[in-house]
Amino acid sequence: MKRKNLLTFLILFPLLFCSQKLTVDSSYIVCKYKIISYVDTLDSYSKYEELASLQIGDNVSHFKSIQKYISDSLSYAIVEKGFQNATNGVVKLNTGSIPKALFISEVYVNKDKVLIYDKLLQDYYSYVPQSICTWTLTKEMKVISGYKCYKAIGKYGKRSIDAWYTDEVPIPEGPYNFKGLPGLIIELEDKQKHNHFILQSLQRVKTPIKLIVNSVETSYERYNEKRKQVLADPVSFIRARFNIPKEDEERVNRNVRKRNNFLD
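Numbering of the sequence shown is given in the numbering used here, commencing with residue 1259 and proceeding in unit increments.
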């Protein structure tokens, strides 16, 4: 196995088992949003686009990158095939071709309870978000994708938000943890232009809502503190589980630290 694939496997393999899914509900509407964002807010070349799915059911919703659905499915298939084809106890995996999702967070809403699922290295954590978006409604109006939309100005933590919602779809939902307007959010962007969400489609279809089972339940404060510790010395945390060649340490540190666009 090549070193690149080995390092990918070391990060991916435990994740495959801690991110097993459990069907908890079903949706009756599925919205697809285009995400335009940055991995590193200091690097304009880290800009990316990715599609995400917002499943909406009765008093529940789930927001997740579609690329993450694809990546998870391919990962499970590759690992399963690798074990089936093991020779003399040796499992060979080709993980280099797996497309990686860049928008990692998932958001699950059940009535008034919000849970965010996020990842630090190979572990998933779930926590109640510290921030809730507070909105100021305006009378400014424009048509977006055929919907008559109204502008709302939001505050989410330290971020200032411009959102456009429509009362033609009177559901107080939107991408990520941006909820609570008089209608579905059609477009949303932060003032720094680091994160932009645009509705691409809306379908009335029943789909299963599946959540990560074995996440580490914690508080936002503890999660944030752990994240700071990981970013301060990524290699030390990875080395606690795996051997990392000395020549790869700098690259591993750099790749982990460049992720700094945290919506929370």
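For every residue, glycine included, the Cβ atom is placed at its ideal position computed from N, Cα and C. Predicted, not measured: the structure shown is a model, and the values here were computed from it.
With a Cβ-Cβ cutoff of 8 angstroms, do residue i and residue j count as a contact?
i	j	result
I1294	E1307	yes
Y1423	I1444	yes
D1425	E1447	no
L1521	N1453	yes
I1356	L1332	yes
V1474	Y1375	no
V1463	V1288	yes
R1512	L1489	no
F1299	N1501	A quick correction: the sequence has Thr, not Phe, at residue 1299. It is not a contact, given that the beta carbons lie outside the stated cut-off.
What does the alpha-carbon distance come out to for the pair residue i and residue j?
i	j	result
I1467	H1320	7 angstroms
Y1291	Y1405	15 angstroms
I1411	Y1327	31 angstroms
L1373	K1504	38 angstroms
Q1461	W1393	27 angstroms
P1430	Y1408	13 angstroms
P1387	L1280	22 angstroms
D1482	K1416	What sits at residue 1482 in the sequence shown is Asn, not Asp. Computed Cα separation, rounded: 15 angstroms.
I1314	S1403	20 angstroms
S1302	K1451	11 angstroms
R1517	R1499	21 angstroms
L1264	E1507	Because the pLDDT of L1264 is 44, which lies under 50, any placement of that residue in the model is unreliable, and the number read from its coordinates should be weighed accordingly. Approximately 14 angstroms between the Cα atoms of the pair.
S1304	F1495	25 angstroms
V1282	S1384	16 angstroms
K1400	Y1286	27 angstroms
V1510	P1428	46 angstroms
E1479	I1470	21 angstroms
K1484	R1497	16 angstroms
L1442	L1312	11 angstroms
S1459	Q1487	39 angstroms
E1398	L1439	15 angstroms
When we look at the beta-carbon of residue i and count the other beta-carbons within 10 Å, is it buried (16 or more) or exposed?
i	result
R1261	Confidence at R1261 is low in this model, with a pLDDT of 48, below 50, so its placement is unreliable and no value can be given for it.
V1367	buried
P1492	buried
S1477	exposed
L1457	buried
Y1414	buried
K1322	buried
If contacts are defined as beta-carbon pairs under 8 angstroms, then residue i and residue j qualify, I think. What distance do you get, rounded to the angstrom?
i	j	result
K1371	N1317	Going by Cβ atoms, the distance from K1371 to N1317 rounds to 10 angstroms, so no, they are not a contact pair.
V1329	A1359	The sequence given here has Ser at residue 1329, not Val. Going by Cβ atoms, the distance from S1329 to A1359 rounds to 5 angstroms, so yes, they are a contact pair.
S1284	T1465	6 angstroms
S1418	K1449	4 angstroms
Report task. Answer yes if the stretch 1356–1371 comes into contact with the stretch 1429–1445, meaning at least three C-beta pairs across the two stretches below 8 angstroms, and no otherwise. Result -> yes
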